[in-house]
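S.K.: Numbering (the numbering used here), first residue to last: 179 to 553. Built from N, CA and C at the ideal position, the CB exists for glycine as well. Fair warning: this is a prediction, and the values are worked out from it, not measured in the lab. I'd like to ask you about the structure that follows.
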């Protein structure tokens with residue numbers, strides 16, 4: 179199978195009505211206001227969700243059963259232009275676009291990087307008790323148990339579990355060069371932690387910006403990490419045990435103690451920020467406890483807490499797509515209607531299938547509104 183380009187997408191939309199309504203370019207502003215972009219990208223199509231949501235509530239149940247979804251567990255939200263998803267909850271929505279998938283094509287729908295700010299696949303994550311791994315390698319084994327470094331609520335370094343490493347989609351990247359010689363490739367809106375605990379987007383980073391560092395000494399069971407708030411060294415193994423005993427949350431404030439410590443190998447200042455040519459596969463993960471994690475390059479970055487379900491559109495399926503948005507953060511999350519929320523990639527087979535989704539009478543064929551799971 180080969181991934182299809184913007185030229186093919188435009189041609190199929192025009193000749194076969196593959197996407198309706200269809201936008202042949204990228205729309206980034208409406209009436210002079212910036213929006214989350216939608217429309218045709220280099221190798222995909224950024225879809226919008228309609229102003230029609232079903233917000234999950236657990237008032238009537240404590241178990242989410244995919245074989246027995248009760249409509250009473252959902253609250254309909256429409257007409258606001260957005261939906262606010264409570265912490266650790268989810269919502270269903272449908273696309274603005276109606277799709278008609280050709281018989282020799284399979285598509286994959288992935289979350290848009292604006293809702294899941296990301297890095298290039300070769301970005302290494304600092305892991306506890308094992309060597310660093312790239313996000314791409316972690317995404318190949320999403321069910322493995324990973325632990326990494328995070329800033330705790332009081333502003334000191336701890337250990338947290340890292341979950342759901344995944345491919346998010348394709349996007350533009352910036353290259354952020356640090357004073358330790360490392361280069362990090364991130365999407366324009368990915369947030370980096372400053373020394374004071376606040377966040378700044380990659381596109382707003384400037385030379386000499388000071389970032390929150392990760393300093394480690396020793397290896398294995400003897401590894402020590404520097405805790406900037408207390409100005410002390412702690413055993414990583416003890417932080418790992420503390421992580422397993424209790425949850426952590428979002429950092430609030432930290433000090434700049436490391437700035438005054440001349441023994442530190444580098445100050446983790448930004449040297450330069452430049453754009454990387456082209457569009458690239460981007461990956462991310464989620465940190466339910468801390469909402470941030472450390473890269474092997476030595477800085478702390480925000481995680482992505484909004485997860486859009488990965489959905490295939492099968493050959494000869496047609497209809498409006500029902501999307502699921504999961505909020506894994508401890509804060510409410512906002513999803514905007516009529517703006518980009520996910521990216522659809524198209525793959526054309528070199529051979530037409532014997533039996534298509536339409537042939538076997540798939541139960542979601544021609545679906546119109548937000549559709550609950552059927553069995």
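#1: Residue 195: buried (16+ other C-beta within 10 angstroms of its C-beta) or exposed?
#2: On a CA-only basis, which of 247, 353, 387 and 384 is nearest residue 297? Give me that one, please.
#3: Helix, strand or coil for residue 339, going by three-state DSSP, please let me know.
#4: Between the Cα of residue 530 and the Cα atoms of 357, 267, 282 and 359, which residue gives the shortest distance?
#5: Name, in chain order, the residues that DSSP records as bridge partners for residue 503.
#6: Of the choices 285, 363 and 186, whose alpha-carbon is the least far from that of residue 477?
#7: Taking the runs of the alpha helix (DSSP H) that are 4 residues or longer, which of them lie wholly in the segment 204–234?
#8: Considering just the uninterrupted stretch of the beta strand (DSSP E) at residue 254, what are its terminal residues?
#9: Suppose you measure from the CA of residue 184 to the CA of residue 192; what does that come to, to the nearest Å?
#10: Check whether the segment 301–321 touches the segment 369–382, counting contact only when three or more Cβ pairs, one atom from each stretch, lie closer than 8 angstroms.
#11: Hey, how far is the Cα of residue 214 from the Cα of residue 383?
#12: Let me check understanding here. Comparing Cα to Cα, which of 500, 234, 506 and 261 lies closest to residue 466?
#13: Count the other C-beta atoms from every protein chain shown that fall within 10 angstroms of the C-beta of residue 275, then say buried if there are 16 or more, exposed otherwise.
#14: Within 10 angstroms of its Cβ, does residue 340 collect 16 or more other Cβ (buried), or is it exposed?
#15: Where do the ends of the beta strand (DSSP E) carrying residue 314 lie?
#16: Could you tell me the alpha carbon to alpha carbon distance between residue 510 and residue 349, rounded to whole angstroms?
#17: List the whole-angstrom C-beta distance separating residue 458 from residue 351, where the pair is believed to meet the contact cut-off of C-beta under 8 angstroms.
#18: If you draw a straight line from the alpha carbon of residue 258 to that of residue 358, how long is it in whole angstroms?
#19: Thinking C-beta only, is residue 346 closer than 8 angstroms to residue 284?
M.R.: In terms of the structure at hand:
#1: exposed
#2: 353
#3: strand
#4: 282
#5: 269 and 486
#6: 363
#7: none
#8: 252–256
#9: 12 angstroms
#10: no
#11: 21 angstroms
#12: 506
#13: buried
#14: buried
#15: Looking at the DSSP string, residue 314 is not in any beta strand (DSSP E); the run it does join, the alpha helix (DSSP H), is 313–317.
#16: 25 angstroms
#17: 5 angstroms
#18: 47 angstroms
#19: no
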